[in-house]
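Each residue of the sequence shown is one higher than the one before, counting from 1 in full-length UniProt numbering.
Beta carbons are placed, not taken as given, at the ideal position from N, Cα and C, and that holds for glycine.
These notes are about the structure you will find just below.
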Amino acid sequence: MPCRWCGADVRCGRGVSDYIVDVDNVAAGRAATQHLVDTGRTRIATISGPLTMLASVDRAQGFRDALADAGLTPLAEEEGDYSEASGAEAVRRILASGTPDAIFVASDLMARGALTAMRSIGLRVPEDVALMGFDDSSVALSTDPPLTTMRQPMYLQGETMTAVLLSRLAGGEPEKMTILPTELVVRASA
1 MPCRWCGADV RCGRGVSDYI VDVDNVAAGR AATQHLVDTG RTRIATISGP
51 LTMLASVDRA QGFRDALADA GLTPLAEEEG DYSEASGAEA VRRILASGTP
101 DAIFVASDLM ARGALTAMRS IGLRVPEDVA LMGFDDSSVA LSTDPPLTTM
151 RQPMYLQGET MTAVLLSRLA GGEPEKMTIL PTELVVRASA
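Right, here's the structure in full:
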């Protein structure tokens, strides 16, 4: 929604807006998948977010790019809706077509759902299936084992959006697009 004083539309993520603050989701998806490849995994699946969202599409593209660079093809690609239940459902669909040795999940919450569903049928993480989340939310630390994940700087995103808006209010011309870094956080799940 545009600011009522300066008219600037500042958003987190890409879309139709005057100013964008986001992360490079393609690079983050690639880095997450590359970590799984680097640990020796070759039968890798992904659970994306809704493919109507650009961040979900970009993370899935990064996943595919990393696998292609390694000479691998995706074992499976399933779509979730960023909820825990959708992660559990998506992993059940993946397991119906074969057992991966790793799964890159586009959110920590969906990864927790996938972990619960795998554990219910006796699969061990990371021994049987390495599991990678995304966000580095509090969920990543609440699972057993704790999730390896991609950290996106949520607080920095909010601070940067605020700085852009304050700059516009002061008559400034901030950058139209700000891309913030992500970081691989290695824990026990992968």
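For this session: Using beta-carbon positions only, say whether Ile-148 and Ala-28 come within less than 8 Å of one another.
Result: In the sequence shown, the residue the question calls residue 148 occupies position 148. In the sequence shown, the residue the question calls residue 28 occupies position 28. The amino acid at residue 148 is misidentified as Ile; the sequence shows Thr. For Thr-148 and Ala-28, no; Cβs fall outside 8 Å.
Ala-102 to Ala-130, Cα distance in whole Å? The residue you call residue 102 lines up with position 102 of the sequence shown. The residue you call residue 130 lines up with position 130 of the sequence shown. Distance between the alpha carbons of Ala-102 and Ala-130 is about 4 Å.
Quiz item: Which ranges does the beta strand (DSSP E) cover as unbroken runs of at least 3 residues, wholly within the segment 72-139, from first to last along the chain?
Solution: Listed in chain order, they are 76-79, 102-105 and 130-135.
Discussion item. Using the three-state DSSP reduction, which class does Val-186 fall into: helix, strand or coil?
Written reply: In the sequence shown, counting from the first residue as 1, residue 186 sits at position 186. In the structure shown, the three-state DSSP call for Val-186 is coil.
Query - Three-state class that DSSP yields for Ala-170 in the structure shown - result: For this step, residue 170 is matched to residue 170 along the sequence shown. If DSSP states are grouped into helix, strand and coil, Ala-170 belongs with coil.
Check your understanding: By DSSP, does Leu-180 sit in helix, in strand, or in coil?
Key -> Along the sequence shown, one-based indexing puts residue 180 at 180. If DSSP states are grouped into helix, strand and coil, Leu-180 belongs with the strands.
Checklist entry - So who's on the other strand from Ala-45, going by DSSP bridges? => result The residue you call residue 45 lines up with position 45 of the sequence shown. DSSP lists Ala-76 and Ile-103 as partners of Ala-45.
Under the assumption that Val-37 contacts Ala-66 (Cβ atoms under 8 Å), give the Cβ distance between them as a whole number of angstroms.
If you number the sequence shown from 1, residue 37 lands on position 37. If you number the sequence shown from 1, residue 66 lands on position 66. Cβ-Cβ separation between Val-37 and Ala-66: approximately 6 Å, consistent with a contact (criterion under 8 Å).
Q: Would you kindly work out how many angstroms separate the C-alpha atoms of Ser-83 and Ser-48, rounded to a whole number?
A: The residue you call residue 83 lines up with position 83 of the sequence shown. The residue you call residue 48 lines up with position 48 of the sequence shown. Distance between the alpha carbons of Ser-83 and Ser-48 is about 11 Å.
query: Ends of the alpha helix (DSSP H) at Asp-65?
result: Here residue 65 corresponds to residue number 65 of the sequence shown, with the count starting at 1. Looking at the DSSP string, the run of the alpha helix (DSSP H) that includes Asp-65 is 54-69.
- prompt: How long is the line joining the alpha carbons of Lys-176 and Ala-190, rounded to whole angstroms?
  reply: For the purposes of this step, residue 176 is taken as the residue at position 176 of the sequence shown. For the purposes of this step, residue 190 is taken as the residue at position 190 of the sequence shown. Spanning the two alpha carbons is a distance of roughly 36 Å.
Check your understanding: Span of the alpha helix (DSSP H) holding Asp-22?
Key -> Along the sequence shown, read from residue 1 onward, the residue named residue 22 stands at position 22. If you look at Asp-22, you'll find it isn't in any alpha helix (DSSP H); it sits in the beta strand (DSSP E) that goes 19-23.
> So is Ala-90 in contact with chain D if we call contact Cβ pairs under 8 Å?
Replying inline: Of the protein chains in this structure there is only one, and it is not chain D.
Taking DSSP as the reference, what is the three-state secondary structure of Thr-149?
On the sequence shown, residue 149 is found 149 positions in, with the first residue counted as 1. Collapsing the DSSP output to three states places Thr-149 in a strand.
Inspect the CB distances between the segment 117-125 and the segment 87-103 and report whether three or more fall short of 8 Å. Enough Cβ pairs lie closer than 8 Å, so yes.
Residues in the same chain with beta-carbon distance under 8 Å from Arg-43, minus the five sequence neighbours each way, listed in chain order, please. Position 43 of the sequence shown holds residue 43. For Arg-43, the CB contacts under 8 Å within the same chain, skipping 5 residues up- and downstream, are Leu-75, Gly-98, Thr-99, Pro-100, Asp-101 and Ala-102 in chain order.
Subject >> Option nearest residue 200 by Cα separation, candidates Thr-73, Val-21, Gly-71 and Ile-94 >> reply: The chain is shown from 1 up to 190; residue 200 falls before or after that span and cannot be answered.
Helix, strand or coil at Asp-38 [DSSP, three-state]: Start at 1 with the first residue of the sequence shown, and residue 38 comes out as number 38. Here Asp-38 sits in helix by DSSP.
### Task
Consult DSSP for Cys-3 and reduce its assignment to one of helix, strand or coil.
For the purposes of this step, residue 3 is identified with residue 3 of the sequence shown, where counting begins at 1. With a pLDDT of only 47 at Cys-3, under 50, the local geometry of the prediction cannot be trusted, and no value is derived from it.
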